[in-house]
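Student: Using our numbering, the first residue of the sequence shown is number 656, and each one after it goes up by one.
All C-beta atoms, glycine included, are put in the ideal place defined by N, C-alpha and C.
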Amino acid sequence: MSIRYLTAKLAQQIDEELMSTVGAFSIDQLMELAGLACAQVLATVYDKERYPRVLVCCGPGNQGGDGLVAARHLGMFGYKPTIWMPKPGSKDIYKRLRTQCENMHIPTLPTSESDPNLASATLSTALASSDVVLDAIFGFSFKPPVRAPFDAALPLISRANLPIVSVDIPSGWDVERGDAEGLGLHPDVLVSLTAPKAGVRQFAGRHFLGGRFVPRSLEEKFELNLPPYPGFAQIVELSGQDGDAALPAQA
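1. Identify which residue in Lys742, Cys756 and Val700 has its Cα closest to the Cα of alanine 725.
2. Here's a check: name, in chain order, each residue in its chain whose Cβ is nearer than 6 Å to the Cβ of proline 825, leaving out the five neighbours to either side.
3. Cα separation between glycine 886 and tryptophan 739?
4. Would you decide whether glycine 744 is buried or exposed? Buried here means 16 or more other CB atoms lie within 10 Å of its CB.
5. What three-state label does DSSP hand aspartate 786 in the structure shown?
6. If leucine 879 and arginine 705 are in contact, beta carbons under 8 Å, what's the gap, nearest whole angstrom?
7. Evaluate threonine 780 with the Cβ neighbour count: other Cβ atoms within 10 Å of its Cβ, from every protein chain shown; 16 or more gives buried, anything less gives exposed.
8. List, from N- to C-terminal side, the beta strand (DSSP E) runs of 3 residues or more that fit wholly inside the segment 818-881.
9. Using only the alpha-carbon positions, how far apart do methionine 674 and serine 681 sit?
10. Measuring CB to CB, does proline 636 end up less than 8 Å from lysine 735?
11. Going by other Cβ atoms of all chains shown within 10 Å of its Cβ, with 16 needed for buried, is histidine 760 buried or exposed?
12. Please classify leucine 764: does DSSP put it in a helix, a strand, or coil?
13. Contact criterion: CB-CB distance below 8 Å. Does leucine 845 meet it with respect to chain B?
14. Find out if the Cβ-Cβ distance for the pair leucine 688, phenylalanine 877 is shorter than 8 Å.
15. Assign alanine 807 to one of three DSSP states: helix, strand, or coil.
16. Flag this pair as yes or no: are the beta carbons of glycine 860 and leucine 845 separated by less than 8 Å?
17. Tell me the DSSP secondary structure of serine 745 in three-state form.
18. For threonine 662, which residues from the same chain have a beta carbon less than 7 Å from its beta carbon, with the 5 sequence-adjacent residues on both sides left out?
19. Quick check: the Cα distance between threonine 777 and alanine 679, rounded to an integer number of angstroms?
20. Going by Cα to Cα distance, which pick from Ile819, Glu836 and Phe795 is closest to tyrosine 701?
21. Count the other C-beta atoms from every protein chain shown that fall within 10 angstroms of the C-beta of isoleucine 890, then say buried if there are 16 or more, exposed otherwise.
22. Specify the secondary structure class of alanine 776 as computed by DSSP and reduced to three states.
23. Count the other CB atoms, across all protein chains shown, that sit within 10 Å of the CB of threonine 754; report buried if there are 16 or more and exposed otherwise.
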């Protein structure tokens, strides 16, 4: 059977059950596993010898948290990540994740929530000295319009012509209708978390499934039909629009 593509409602329901007394996961656990998977995908596709400088673009929510975790792991893997996070989340978990990155000597670009022009300027400068972008700006709960400073950021990232790895869904895409507004990023690589979302069914780049944390009880309940992960890997590459698993990715 083919893998199930999730609507926004179903994706939200699964997230809630994972963190309920039924799933018993904490947000920290899920974010750690998701971010590790994203780092592994980037490292699988983009070798650190040719693409050492990774610009990690983070939004203010859980998507941005995944990006911070990925940045830390990429630093552990030997890459040189830099973080662009113009609207840092105020929750304690985001503060701790930022501190963890600081402890790894991973720089965060200077921005100001009151000055979108500064955010755009620092992003533009960073793009010019980066080899690949990890897009962790918007997740499956995104609804248009794109607001400042991200309304200026998405075109800047697109025009930079750098390889892009998007987390869960490309930023600017609707979770069910894809890039219906024509404002989203068009990544080369996508890392779907838990299960792919309906809006990426026609995605034509390299598509991975990450976040090896869905318990069998929830997989069966929601009929996700997830492919087996190879060995001890946290990721599996999907092939074709039916979502069948490809051969194990080679590092």
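Tutor: Short version:
1. Cys756
2. Gly839, Leu840 and Pro842
3. 34 Å
4. buried
5. coil
6. 35 Å between Cβ atoms; not a contact.
7. exposed
8. 819-822, 844-848 and 861-865
9. 6 Å
10. Lying outside 656 to 906, the shown extent of the chain, residue 636 is not represented and no answer is given.
11. exposed
12. coil
13. Protein chain content of the structure displayed is limited to a single chain, and chain B is not contained in it.
14. no
15. helix
16. yes
17. coil
18. Glu831 and Ala853
19. 40 Å
20. Ile819
21. buried
22. helix
23. exposed
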